[in-house]
Amino acid sequence: MNLPHLLFYGSPGTGKTSTILALAKELFGSELVKSRILELNASDERGISIIREKVKNFARIAIPNGSSEYPYPPYKIIILDEADSMTQDAQAALRRTMETYSRITRFCLICNYITRIIGPLASRCSKFQFKPLSFDSAKSKLEYIASCENVRYDEGVIEKLIELSNGDLRKAITFLQSATRLVNLDSDANQSLDKKVGSISLELITDISGTVPDHIIDNLLSICFSSKKTELLYDSIDQCVSEIISDGYSANQLLSQLHDSIVSNDLISNTQKNAMIQIMGETDMHIKNLYERSTSMILSCYINILRGDNTAISN
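With UniProt numbering, the residue at position 13 of the sequence shown is 13, and numbering never jumps.
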């Protein structure tokens, strides 16, 4: 099989690493797969020294011909996961290594953001984009896992997992695994109380995922569209946001859910939505960059802006 260098890119949890590992096992069989494959996580080992030493040493190793019973391909495969975190110098060194040893070594680069791969490196690879899994694919896989592991769950749990993971199957499986562990820990205590045990609930999935409850989002939106503009109301906004932060909810998660609620709200005009989304983008920038300010202050000020008070933030 004349395999080119490969570049897999796309969202996390969409099967990029699983695909190349499955391909490698198909090419080399269970006997040679360990000796013919070098798998590195470039986010942990991303310096130029790794390329010059570990990658180059493996790439230059000559390989014997395949047996007549199983004609193994005459090359090895080096898998670089999270390659978009590699330094520019490391990527440049990798390009030269790919050119030198392409006859006996193939490379598979895996990344989330293809724009972070330098052009000369990307141009030497066949590119494959991995899109988020479809609802049906994710549902069938989660149901299969739950069945194999004898996991009990309430109605709507699988659908909620898919919704919260946004096409990231790895995240959905992690949520399911965490929920199963918690349910199993509580089962012994609940059995003595004749309670239903071993079943994962929607509330548990929401808590594990760190999702802000819908009633909190609704409360924030009701404040944004309140007709009152008093100091007392501004204090209630700050208090509401401070309580959200103290409960441990992520500010980015809160903004994401506010964004989704605003976009899907038919009572808000398109003009208002456009203005609000621009403001929320600026809010996100401040959260990431203005470390000296508390998150609650930034969120409170921008919620005031959403209400129409453009003087809420100064300096």
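Glycine included, every Cβ here is placed at the ideal spot set by N, Cα and C.
Here the structure is a predicted model, which means the values were calculated and not measured.
TODO: Give the DSSP bridge partners of G210, in chain order.
DONE: According to DSSP, which records beta bridges pairwise, G210 is partnered with nothing at all.
Open item on the list: Does the CB of P4 have a neighbour CB from chain D at under 9 Å?
Closed with: As a matter of chain content, chain D is missing from the structure shown, which is built from one protein chain.
Task: Separation of S85 from N112, as counted between CA atoms - done: When only Cα atoms are considered, N112 and S85 end up about 10 Å apart.
- [ ] Kindly indicate which residue of S35, E155 and R106 has the alpha-carbon position closest to the one of I200.
- [x] The residue from S35, E155 and R106 with its alpha-carbon nearest to that of I200 is E155.
Open item on the list: If you follow the beta strand (DSSP E) that R60 is in, where does it begin and where does it stop?
Closed with: From DSSP, R60 is part of no beta strand (DSSP E); its letter is neither H nor E.
Open item on the list: For P213, tell me which candidate among S261, R181 and C224 has the shortest Cα-Cα distance.
Closed with: Of the listed residues, the one whose Cα sits closest to P213 is S261.
- [ ] Check whether the Cβ atoms of G13 and L169 lie closer than 9 Å to each other.
- [x] Taking 9 Å as the cut-off, the beta carbon of G13 is found closer than this to the beta carbon of L169.
TODO: Examine the Cβ distances between the segment 114-130 and the segment 147-161 and report whether three or more of them are shorter than 8 Å.
DONE: Not touching, per the Cβ criterion.
Task: Whole-angstrom C-beta distance between G210 and Y249, which should lie under 8 Å - done: That belief holds up - the Cβ atoms of Y249 and G210 are roughly 7 Å apart, short of 8 Å.
TODO: Have a look at C224, I48 and S242 and flag the residue whose alpha-carbon is nearest the alpha-carbon of Q272.
DONE: Minimum Cα distance to Q272 is reached at C224.
Task: Residue range of the alpha helix (DSSP H) that includes N252 - done: Note, N252: alpha helix (DSSP H), A251 to V263.
- [ ] Enumerate in chain order the residues of its own chain whose CB-to-CB distance from R293 is below 8 Å, with the five nearest sequence positions on each side excluded.
- [x] Note that R293 scores a pLDDT of 49, beneath 50, so its modelled location is shaky; the value from the coordinates is reported in the next line. H286.
- [ ] Spell out the partners DSSP gives C148 in its beta bridges.
- [x] Bridge partners of C148: none, in fact.
Task: Buried or exposed (CB count within 10 angstroms, at least 16 for buried), L185 - done: With fewer than 16 other Cβ atoms inside 10 Å of its own Cβ, L185 counts as exposed.
- [ ] Taking all protein chains shown into account, decide if D218 is buried (16 or more other Cβ within 10 angstroms of its Cβ) or exposed.
- [x] By the Cβ-count criterion, D218 is exposed, with fewer than 16 other Cβ atoms from all chains shown falling within 10 Å of its own Cβ.
Task: Neighbourhood of F175 by C-beta, 8 Å cutoff - its chain only, sequence neighbours within 5 removed - done: Excluding residues within five positions, the ones whose Cβ falls inside 8 Å are L161, L164, S165, I205, I208 and S209.
Task: Proximity below 9 Å, CB of V55 to CB of L80 - done: Between V55 and L80, the gap from beta carbon to beta carbon is short of 9 Å.
TODO: Please look up how many angstroms separate the CB atoms of L32 and Y72, rounded, as I've assumed it's under 8 Å.
DONE: Correct: roughly 6 Å between the Cβ atoms.
Open item on the list: Please list the terminal residues of the continuous beta strand (DSSP E) segment that includes D81.
Closed with: Run containing D81: K76 to D81, per the beta strand (DSSP E) assignment.
TODO: Starting from G10, trace the alpha helix (DSSP H) both ways and give me its first and last residue.
DONE: First-last for G10: L6 to G10, but that is the beta strand (DSSP E), not the alpha helix (DSSP H).
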